[in-house]
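The numbering of the sequence shown is full-length UniProt numbering, which starts it at 1 and goes up by one. Notes for the one structure printed next.
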Amino acid sequence: MILLQCTQLSKSFGTDTILSNVKLEIKSRERIALVGRNGAGKSTLLKIITGELPYDSGNLMIPKDVRIGYLAQDSGLDSERTIWEEMLTVFESLKKMEQSLRKLEEKMSNPDRRDYDKILAEYDQLQQDFKDRGGFKYEADIRSILSGLNFKDFDYNTPVYSLSGGQKTRLALGKLLLSRPDLLVLDEPTNHLDIQTLTWLENYLAGYEGAILIVSHDRYFLDRVVDYVYELTFNQTVKFTGNYSKYLEQKAQRFEQELKQYEKQQEEAKRLEEFVQKNLARASTSNRAKSRRKQLERMEMMDRPQTENSSANFRFNIKKQSGNDVLMINDLSVGYNDQTLFENVDLKLTRGESVALIGPNGIGKSTLIKAIAGKLKPFKGDIRYGSNVSIGYYDQEQTQLTSNKTVLQELWDDYPQTNEKDIRTVLGNFLFSGEDVLKTVYDLSGGEKARLALAKLMMQKANLLILDEPTNHLDLDSKEVLENALIEYPGTLLFVSHDRYFVNRMATRVVELSSTSMTSYLGDYDYYAEKKEEQAELKRLAEEKNAVSGKKNTTDLSTDKQTKNDYKKRKEQQKLERQKQRKIDELEKQIEAEEEKITQIEDELCDPEVFQDHEKSLELNEQLEQAKNKIDLLLEEWETLQMDD
Numbered sequence: 001m002i003l004l005q006c007t008q009l010s011k012s013f014g015t016d017t018i019l020s021n022v023k024l025e026i027k028s029r030e031r032i033a034l035v036g037r038n039g040a041g042k043s044t045l046l047k048i049i050t051g052e053l054p055y056d057s058g059n060l061m062i063p064k065d066v067r068i069g070y071l072a073q074d075s076g077l078d079s080e081r082t083i084w085e086e087m088l089t090v091f092e093s094l095k096k097m098e099q100s101l102r103k104l105e106e107k108m109s110n111p112d113r114r115d116y117d118k119i120l121a122e123y124d125q126l127q128q129d130f131k132d133r134g135g136f137k138y139e140a141d142i143r144s145i146l147s148g149l150n151f152k153d154f155d156y157n158t159p160v161y162s163l164s165g166g167q168k169t170r171l172a173l174g175k176l177l178l179s180r181p182d183l184l185v186l187d188e189p190t191n192h193l194d195i196q197t198l199t200w201l202e203n204y205l206a207g208y209e210g211a212i213l214i215v216s217h218d219r220y221f222l223d224r225v226v227d228y229v230y231e232l233t234f235n236q237t238v239k240f241t242g243n244y245s246k247y248l249e250q251k252a253q254r255f256e257q258e259l260k261q262y263e264k265q266q267e268e269a270k271r272l273e274e275f276v277q278k279n280l281a282r283a284s285t286s287n288r289a290k291s292r293r294k295q296l297e298r299m300e301m302m303d304r305p306q307t308e309n310s311s312a313n314f315r316f317n318i319k320k321q322s323g324n325d326v327l328m329i330n331d332l333s334v335g336y337n338d339q340t341l342f343e344n345v346d347l348k349l350t351r352g353e354s355v356a357l358i359g360p361n362g363i364g365k366s367t368l369i370k371a372i373a374g375k376l377k378p379f380k381g382d383i384r385y386g387s388n389v390s391i392g393y394y395d396q397e398q399t400q401l402t403s404n405k406t407v408l409q410e411l412w413d414d415y416p417q418t419n420e421k422d423i424r425t426v427l428g429n430f431l432f433s434g435e436d437v438l439k440t441v442y443d444l445s446g447g448e449k450a451r452l453a454l455a456k457l458m459m460q461k462a463n464l465l466i467l468d469e470p471t472n473h474l475d476l477d478s479k480e481v482l483e484n485a486l487i488e489y490p491g492t493l494l495f496v497s498h499d500r501y502f503v504n505r506m507a508t509r510v511v512e513l514s515s516t517s518m519t520s521y522l523g524d525y526d527y528y529a530e531k532k533e534e535q536a537e538l539k540r541l542a543e544e545k546n547a548v549s550g551k552k553n554t555t556d557l558s559t560d561k562q563t564k565n566d567y568k569k570r571k572e573q574q575k576l577e578r579q580k581q582r583k584i585d586e587l588e589k590q591i592e593a594e595e596e597k598i599t600q601i602e603d604e605l606c607d608p609e610v611f612q613d614h615e616k617s618l619e620l621n622e623q624l625e626q627a628k629n630k631i632d633l634l635l636e637e638w639e640t641l642q643m644d645d
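Here's what the structure looks like:
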């Protein structure tokens, strides 16, 4: 079933065209990502879809019975109610049904009533409707959602207005999930979520019965959640099948193919033009030249394939290499206003390491790296730096920027010995060009402030970079540029990030911070996640065995060995099942792609010009036959996997 369809949709603000000829279609249970650069119009399109903004032209079709739920970017609840009362508002209709059931029960207490049978029938029907709509479990659903969104330790009688901005946003997301609309529209839903909560949200959305349309800069999240990607570029949308990583591959292939077609057409046009110029004046070849000229005039010339505006371009270098031991932390305790966030922290960094510091929101990750960067005095403990260590610190709040300075002044005042031309060149590499360098810092967007802070960081040439959420506010292309620059960086990295894709690419070690300990995992985020899952599964299996044996604790080595063997067998089986399912999903997408290809070829063959062109017609028929044969092979493999249980 089609839940939403828009065609030729256009929107302008004054003379600025934001959307032009946008096409988008969403069907039941589809998971769709809308991607594009900052300012491309993604949020505008979502607001049009949800009715918050009008559109100028085109068509937007949404069936009357389709319910759309929308979470705007950084939108939060603002209410006088408590957390629990606010969540209960989603179920007003169920509460009314519950009240009606109680009233009917009172009437049923008197079996001598004349209308007793009628009341009984009414009660049975209402009770069934109540059950079908989740009436017996909506309170459990509320608790489950609140727990998943990291409210499990909260007093549910806490007033909503007393929560922080991030907590209000998470609560708004929870309320939306509880309402279970047919189409869930989410604009940056991963903001303010820590890694544990992100993982919960991904698993929740995987089982969501409705369709989902998401705008997000979290690439790991998009890879795990979506099946289709619509790219909003040059005010229009282009559809790709697969998750975000597949989209990147297809986009590169598409551009290369379109460029080759364009160059081939240009060569053909040039050849025809040269033939006409050489042979038009000769009587013996004049007719052929005229024929070529008509052929040239009939050609529908392609525009050169476009790439979006240039990406930032920078590298991080160092003035001097540090010693092998870069950072030594011993028995560190840190906090604010006499309140200790964590204590007894030990950490050592060696040259060339790239260490990710992760943990739940509020645990003190940013506080720790502020102490390491010398921005905050620890309560106790020792922080020592190795020889020749110079620190560059990136603050996610950009507090090191001066709001009333221009972009040019912000950088030049820190490096007054550098000439203006070189300063402008650096700013140009971070996409500040022309009049942009005269903007005040106060007027910059979040992404522009992030790029300016990174420009200042690059100019330091420090050999230890301490980064607090460096990918916040950056669009997807800028994130990739930053990652590539940091991968080539010859110094040492310590960073805090909730961006698991970034952690996966950057980290050689993951350090998990809790209130009582710090645990190192030698590997990237996927390795860390696998080890955490293994630890949780081993704990669960051990608890099961303890319950069966009636012992709360066991030191039996054979039991422990059996537990590990059971876990490994189960883990291997789960791995094989996941591989099989991934293969099935991949085959289904390939089949769908080939079916679309067949449809396009058949449409082309119906074109009279193509039909009359024998060579072109023959080429298309060969492609059609190849596509059909490929589908047969794919279907055969798909059926084999489905039957192999």
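Backbone N, C-alpha and C define an ideal beta-carbon position, used for all residues, glycine too. The model shown is predicted, which means the values in this text are computed figures rather than measured ones.
In the DSSP assignment, PHE495 is bridged to ALA356, LEU467. If you draw a 10 Å sphere on the C-beta of GLN266, you find fewer than 16 other C-beta atoms in it, and that means exposed. In the three-state reduction of the DSSP assignment, PHE611 falls in the helix class, which pools H, G and I.
Secondary structure of PHE275 (DSSP, three-state): helix.
Going by beta carbons, PHE240 and VAL229 fall inside the 8 Å limit.
Boundaries of the alpha helix (DSSP H) around GLN460: 446 to 460. DSSP places ALA140 within a helical segment (H, G or I) once states are collapsed to three.
With respect to GLY51, LEU176 sits apart: the two C-beta atoms are not nearer than 8 Å. Excluding the 5 residues flanking it on each side, LYS616 has same chain C-beta neighbours closer than 6 Å at VAL610, in chain order.
The three-state reading of DSSP puts VAL90 in helix, counting H, G and I together. Taking every protein chain shown into account, the CB of PHE255 has fewer than 16 other CB atoms within 10 angstroms, so this residue is exposed. Of the candidates LYS107, TYR244, LEU94, LEU94 places its Cα closest to the Cα of LYS131. If you keep only unbroken alpha helix (DSSP H) runs of at least 4 residues inside the region 395 to 450, you get 407 to 412, 420 to 429.
In the DSSP annotation of this structure, the continuous segment of the beta strand (DSSP E) that includes ILE214 starts and ends at 211 to 215. In the structure shown, VAL511 falls within a strand segment according to DSSP collapsed to helix, strand and coil. When C-beta atoms of the region 510 to 521 are compared with those of the region 470 to 489, fewer than three pairs fall below 8 Å, so the two segments do not count as touching.
In the three-state reduction of the DSSP assignment, ASN150 falls in the coil class, being assigned neither a helical nor a strand state. Taking LEU513 as reference, the option from THR199, LEU357, ILE391, LYS569 with the minimal CA-CA separation is LEU357. Judged by DSSP in its simplified three-state form, GLY14 adopts coil rather than helix or strand. For the region 302 to 378, the full-length beta strand (DSSP E) segments reaching 3 residues or more read 325 to 336, 339 to 350, 354 to 358 along the chain.
When C-beta atoms of the region 337 to 346 are compared with those of the region 170 to 185, fewer than three pairs fall below 8 Å, so the two segments do not count as touching. The criterion of a C-beta distance shorter than 8 Å is not satisfied by ILE466 and TYR415. Only exposed fits PHE13, as fewer than 16 other CB atoms lie within 10 angstroms of its CB. About 6 Å separates the Cβ atoms of GLY174 and LEU146, confirming a contact at the 8 Å cut-off.
Taken in chain order, the unbroken stretches of alpha helix (DSSP H) that lie wholly in the region 579 to 642 and span 4 residues or more are 608 to 612. With at least 16 other beta carbons inside 10 angstroms of its own, ARG451 counts as buried.
Distance from the Cα of GLU639 is smallest, within the candidate group LEU587, GLU592, THR508, for LEU587. CA-CA distance, LYS589 to GLY242, rounds to 7 Å. Annotation for ASP477: the continuous alpha helix (DSSP H) segment containing it runs 476 to 487. Inter-segment contact for the region 402 to 422 and the region 378 to 385 is absent: fewer than three beta-carbon pairs are separated by less than 8 Å.
A direct Cα-Cα distance of roughly 14 Å separates ALA269 from LYS290. Note that the region 395 to 402 does not touch the region 421 to 436; fewer than 3 beta-carbon pairs, one per stretch, sit closer than 8 Å. Sixteen is the threshold: since fewer than 16 other Cβ atoms of the shown chains lie within 10 Å of the Cβ of ALA283, the residue is exposed. Taking the Cα of LEU45 as reference, the smallest distance to any Cα among ARG67, GLN236, PRO189 is reached at GLN236. For LEU198, the three-state secondary structure derived from DSSP is helix.
In the structure shown, the three-state DSSP call for VAL548 is helix.
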